[in-house]
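Peer 1: Chains as they are written, first to last, in the numbering used here: chain D, 71 to 607; chain Z, 6 to 337. Beta carbons are placed, not taken as given, at the ideal position from N, Cα and C, and that holds for glycine. Remember, it's a predicted structure, so these values are computed and weren't measured experimentally.
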Amino acid sequence: MDIKPEEMIKIHNPIPKKSWMDTPPDLSEGKFCYPAKAKTMEYLGIPNARDWSPADEDWKLPENWQQIIHEGFKDRLDKYRSLKVFMDICVRCGACADKCHFFIGSGDPKNMPFLRAELLRSIYRNDFTALGKLLGKIGGARKITPTVIKEWFSYFYQCTECRRCSVFCPYGIDTAEVTMMGRELLSLLGININWISDPVANCSKTGNHLGIQPQNFKEIVEFFCEDIEEISGIKINPSFNRKGAEILFVTPSGDAFADPGTYTFMGYLMLFEHIGLDYTLSTYASEGGNFGLFTSSDQMKKLNAKMYHEAERLGVKYILGGECGHMWRVVNQYMGTMNGPANFLEVPKNPITGTVFENSASTKMVHIAEFTADLIKHNKLKLDPSRNDHLNVTWHDSCNPARAMGILDEPRYVLKSVCNNFHEMPVNTIREQTFCCGSGAGLNTEEIMEQRLRGGLPRANAVKYVHEKYGVNSLACMCAIDRAALPPLMDYWVPGVDVTGLHELVGNALVMDGEKERTLNLRLEDLPGAEGDSDER
Amino acid sequence: MNVNIVLSLVAVVVLGALAFLGGSAPALQGVFGILIPYIAFVMFLGGFIWRIMKWAKSPVPFRIPTTCGQQKSLSWIKHDKIENPTTGIGVVIRMALEILTFRSLFRNTKAKIIGDRISYELELWLWLFALVFHYSFLAVLVRHMRFFLEPVPVCITFLEAVDGFFQIGLPIVLMSGVLLFAAVAFLFLRRIATPTLRYASLAADYFPLFLIMTIAGTGMYMRYFLRVDVVAVKELTMGLATLHPSIPANIDPFLFVHLFLVCVLFVYFPFSKLMHAGGIFFSPTRNMANNSRIKRHINPWNPDLPFVTYEKYENAFREKMIEAGIPVEKES
Ligand code: HEM
Ligand code: SF4
Ligand code: SF4
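Here is the structure:
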């Protein structure tokens, strides 16, 4: 990044003289996500696929694009009460304005959630309200033009659908919902971004976003098992696509693919081995994440369908889900509705403790943090938190688990059981008020790095606070996108803070039956108090 | 000067002047004193119901509450039953807090960047003045019922007594009117003093503020300076209420201004952002329980969509799976 942090934090973005309706978006290189490739879009059956660039003057919109938008809009107003109500009732009080990390980090007024929503609302007024038709611009209405489409593209891809604005709005207006609708409308014109459509296509082809084929998925997991053997002396043989297992375990493929998610995956494997869980992994349903959520409800449904489909085929009793943010929004708020009822599954019960997870009685999918917290509470795990003593940890609540589910205290309980040094970030930046990593909802892509760093500023700044005040050096989270997005964010804003998954810390602290004296942590680094450390003393 | 502000102000002034002229011309008093109030009343009621029906017609396909506290989970983890409700009662309490105390606005903070640090200070002025505005508006509205009811119910007399409690002298100064004016003035000043807010504000944001400010202003002017003939006014309003309308003599033109602007407000209400009053009850992020994992929520238009089934997947990867020792359904 050319801009230094000291410079970037000086946010100066003078308010344009002209009305926001007449201010075109900045679509220079670095300010936009690369568009989806024509062949990916064709594969996904999205209409009007073509190769184009947001930097082009002419976006090659289909001939009847105005009509497509108008009808698509109408269709969604008829299908979603949320959209209709949110279009009508915003009073523009501005309470949501400085709650958005993108507005805080960029100062661009169009990143204020309610102005982001106005981009759509102005067209709504023009097309669907009498007062808007009558009064035109003075009534807050405007006609749709190609520039409006460009503006939508720019700003609906500067929203991570994090729902923080919704927490503060007196009517609960959720700009994430508006963004989702805006993105769906753009999709109707064949406008999509590569970072989202590629994973969606991969996921339907190979079962996961990263396009890992079955044999490679197995190899990767076996490779983890080799590392685990080196660390603990215990040989694990996880099963794949095994019929008759009690539990199907599904986690985001990011955990299989990139550090530090991989260490979290190792943590899961060690935990399951230790408690003797009868589970299986699936190479077909090898993705918990769901980039469909960031495109359209249809794509979301199609990708999500695989989990139940596979659970039924394998005859498991229920599904256990790994650490992921948006995956859990889908599981909690959409899965049962879209692809249920899952009557072929049973109400989840922890086979070790006997706890019945009543809170997932219908969806029949349990969050790993709920599962592990239950194990620890029942004293089923032998833990040595001192193995994490070199870490001074803080906890990042991911947006979706916090604001679309409310899983806040389970991970904290687990965390405090597996490490001795824990400090919360300031209250306005955690739990339901948590700040986004700045890269959610499909924006975790290289070409918009500056935007991501700006969006991640509020989160990073809170980490910096505890880093300086308490010496925090480890940022724990339970989200695969976070594990990919937070490391560069920390390197930029708070060097010296590492990112870790919850179950990586569990794996480290877990004293497994028959394990050898551990000298290495899951990253194959020396444990505190082990050889490497004693050299220094 | 901002066009949205100027035009809203001009609109209110023109409407007021129109009513003043009409109210001064005996031939038009019937229009402003009888016809328009009836039309306004009908349009308000009709418009309100129409809007609500329009919202109700669209389904709620997904259960999307914004959760603001700990979910219901393991028995020993303290569930936040209000901010993350799983039952109807929890939702009712959550909604009641929103509507009666503006709960979410009470969270409001102001983000400030000072040097290399971002701070979030509690910022409750908006919450306070919004609350003052709505409650004083309600009090004024209820107090006005004395013009339409005979005998005047005790509760209204009581409200008046409370409203005038802190004041001595004649006529007693009623706090709600003053507070209403002050709160609206604050809301206006806040809007123009915050550059980002001013930038994003529309005429539709200024117009109701000017309108209500003028209604309250003319009301107070009549009460404290003009000392209008309240008996005559009550004759007019009782005529309207009992459907035997007539225009008594001795009605001040200012009353027509006041009344007409109230009518404008009533007509404007259902077609504008003021409908947030009804809309909040329909907001899915607040009025739904977070129980979709416990009980399946039904989407009436849930589409049937083809997806890549396991069979298709195995067909694509069978050889590789067999080679890797992954079980398959069909060996070849
Ligand atoms: C939502 C609608 C209304 C609002 C916001 C409103 C507001 C006010 C306010 C703020 C006052 C100031 C004095 C006080 O505190 O009593 C007032 C006085 C007055 N209003 Fe209204 N008003 C409304 C509707 C009406 C209606 C429908 C009438 C019927 C004709 C009316 C007739 C009067 C009169 C006659 C006064 C002077 C009362 C007195 O001298 O005691 N108002 N109004
Ligand atoms: S807080 Fe809600 S009502 Fe206020 S401006 Fe934002 S979206 Fe609109
Ligand atoms: S959902 Fe998040 S990113 Fe989007 S407008 Fe709201 S606060 Fe900003």
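Consult DSSP for residue 437 of chain D and reduce its assignment to one of helix, strand or coil.
Peer 2: strand
Peer 1: Report the neighbours of residue 181 of chain Z on chain D: residues whose CB is nearer than 8 Å to its CB, in chain order.
Peer 2: Under the 8 Å cutoff, chain D gives no residues; its nearest Cβ is about 21 Å from residue 181 of chain Z.
Peer 1: In the DSSP output, what is residue 544 of chain D paired with across the bridge?
Peer 2: D/463 and D/568
Peer 1: Following the continuous beta strand (DSSP E) through residue 319 of chain D, name the residue where it begins and the one where it ends.
Peer 2: 317-320
Peer 1: Note down, in chain order, all residues in the region 108-119 of chain Z with a beta-carbon under 7 Å from any beta-carbon belonging to chain D.
Peer 2: 109, 110, 112, 113, 114, 115, 116 and 118
Peer 1: Just to confirm my understanding: we take residue 335 of chain Z, look at its own chain, exclude 5 residues before and 5 after, and list those with CB closer than 8 Å. What are they?
Peer 2: Closer than 8 Å at Cβ, skipping near neighbours: 319 and 323.
Peer 1: Is the Cβ of residue 30 of chain D closer than 9 Å to any Cβ of chain Z?
Peer 2: One cannot answer for residue 30 of chain D here, as it falls past the ends of chain D, which runs 71 to 607.
Peer 1: If we define contact as Cβ-Cβ less than 9 Å, is residue 401 of chain D a contact residue for chain Z?
Peer 2: yes
Peer 1: When a residue counts only if its C-beta is closer than 5 Å to some heavy atom of ligand 3, which residues count, in chain order?
Peer 2: The filter returns D/170, D/183, D/229, D/230, D/232, D/234, D/235, D/245 and D/246, in chain order.
Peer 1: Does any heavy atom of ligand 2 sit closer than 8 Å to the C-beta of residue 281 of chain Z?
Peer 2: Under cutoff, so the answer is yes.
Peer 1: I need the DSSP call for residue 511 of chain D, collapsed to helix, strand or coil.
Peer 2: coil
Peer 1: So residue 320 of chain D and residue 406 of chain D are supposed to be a Cβ contact under 8 Å. How far apart are they, rounded?
Peer 2: Residue 320 of chain D to residue 406 of chain D, Cβ: 15 Å. No contact.
Peer 1: By a C-beta neighbour count over all protein chains shown, 10 Å radius and 16 as the cutoff for buried, is residue 303 of chain D buried or exposed?
Peer 2: Classification for residue 303 of chain D: exposed.
Peer 1: Under 8 Å from any heavy atom of ligand 2, does the C-beta of residue 239 of chain D make it?
Peer 2: yes
Peer 1: Give every residue of the same chain whose Cβ lies closer than 7 Å to the Cβ of residue 239 of chain D, excluding the five residues on either side of it in the sequence, and list them in chain order.
Peer 2: 165 and 166
Peer 1: Residue range of the beta strand (DSSP E) that residue 391 of chain D falls in?
Peer 2: Here the beta strand (DSSP E) through residue 391 of chain D covers 388-391.
Peer 1: Kindly indicate if chain Z contains any beta-carbon less than 9 Å away from that of residue 477 of chain D.
Peer 2: Put simply, the CB of residue 477 of chain D is near chain Z, with a gap under 9 Å to one of its CB atoms.
Peer 1: Should residue 63 of chain Z be flagged as near chain D, meaning a C-beta pair shorter than 9 Å?
Peer 2: yes
Peer 1: Please determine, among Z/316, Z/307, Z/15 and Z/283, the residue with the shortest C-alpha to C-alpha distance to residue 50 of chain Z.
Peer 2: Z/283
Peer 1: Between the beta-carbon of residue 2 of chain Z and the beta-carbon of residue 271 of chain Z, is there less than 9 Å?
Peer 2: The structure shown does not extend to residue 2 of chain Z, since chain Z spans only 6 to 337, so no value can be given for it.
Peer 1: Between residue 268 of chain Z and chain D, is any beta-carbon pair separated by less than 9 Å?
Peer 2: no
Peer 1: When the cut-off is 9 Å and only beta carbons count, does residue 8 of chain Z lie next to chain D?
Peer 2: yes
Peer 1: By the criterion of Cβ-Cβ separation under 8 Å, what are the contact partners of residue 130 of chain Z in chain D?
Peer 2: By Cβ distance, chain D contributes nothing, its closest Cβ being about 11 Å from residue 130 of chain Z, past 8 Å.
Peer 1: Kindly indicate which residue of D/112, D/161, D/460 and D/78 has the alpha-carbon position closest to the one of residue 120 of chain Z.
Peer 2: Of the candidates D/112, D/161, D/460 and D/78, the one whose C-alpha sits nearest the C-alpha of residue 120 of chain Z is D/78.
Peer 1: Applying the criterion that 16 or more other CB atoms from any shown protein chain within 10 Å of the CB defines a buried residue, is residue 28 of chain D buried or exposed?
Peer 2: This structure gives no information on residue 28 of chain D, because the portion of chain D shown stretches from 71 to 607.
Peer 1: Report the residue ranges of all beta strand (DSSP E) runs contained in full by the region 298-343 of chain D; include only those spanning at least 3 residues, in chain order.
Peer 2: 317-320
Peer 1: Buried or exposed for residue 181 of chain D, going by 16 or more other Cβ atoms inside 10 Å?
Peer 2: A residue is called buried once 16 or more other Cβ atoms fall within 10 Å of its Cβ, and residue 181 of chain D is buried on that count.
Peer 1: Just tell me which of Z/74, Z/166 and Z/257 has its CA closest to the CA of residue 34 of chain Z.
Peer 2: Z/257
Peer 1: Go to residue 338 of chain Z, then tell me how far its beta strand (DSSP E) extends in each direction, as first and last residue.
Peer 2: Absent from the structure is residue 338 of chain Z, since the part of chain Z shown begins at 6 and ends at 337.
Peer 1: Any beta carbon of chain D sitting closer than 9 Å to that of residue 89 of chain Z?
Peer 2: Closer than 9 Å to some Cβ of chain D, the Cβ of residue 89 of chain Z qualifies, so yes.
Peer 1: Taking 8 Å as the cut-off, is the CB of residue 161 of chain D close to at least one heavy atom of ligand 2?
Peer 2: yes
Peer 1: Can you give me the start and stop residues for the alpha helix (DSSP H) that residue 351 of chain D sits inside?
Peer 2: Not the alpha helix (DSSP H): residue 351 of chain D falls in the beta strand (DSSP E), residues 349-351.
Peer 1: Mind listing the chain D neighbours of residue 86 of chain Z? Cutoff is C-beta to C-beta under 7 Å, in chain order.
Peer 2: Neighbours of residue 86 of chain Z on chain D: none; closest Cβ ~11 Å, over 7 Å.
Peer 1: Taking the runs of the alpha helix (DSSP H) that are 4 residues or longer, which of them lie wholly in the region 246-316 of chain Z?
Peer 2: Those alpha helix (DSSP H) runs which fall completely within the region 246-316 of chain Z and span 4+ residues are 258-273 and 281-284.
Peer 1: Under 8 Å between beta-carbons, which chain D residues line up against residue 148 of chain Z? List them in chain order, please.
Peer 2: Ordered by position in chain D, no residue passes the 8 Å Cβ test against residue 148 of chain Z, which lies about 25 Å from the chain.
Peer 1: Would you list the one or two residues that DSSP bridges to residue 187 of chain Z?
Peer 2: DSSP lists no partner for residue 187 of chain Z.
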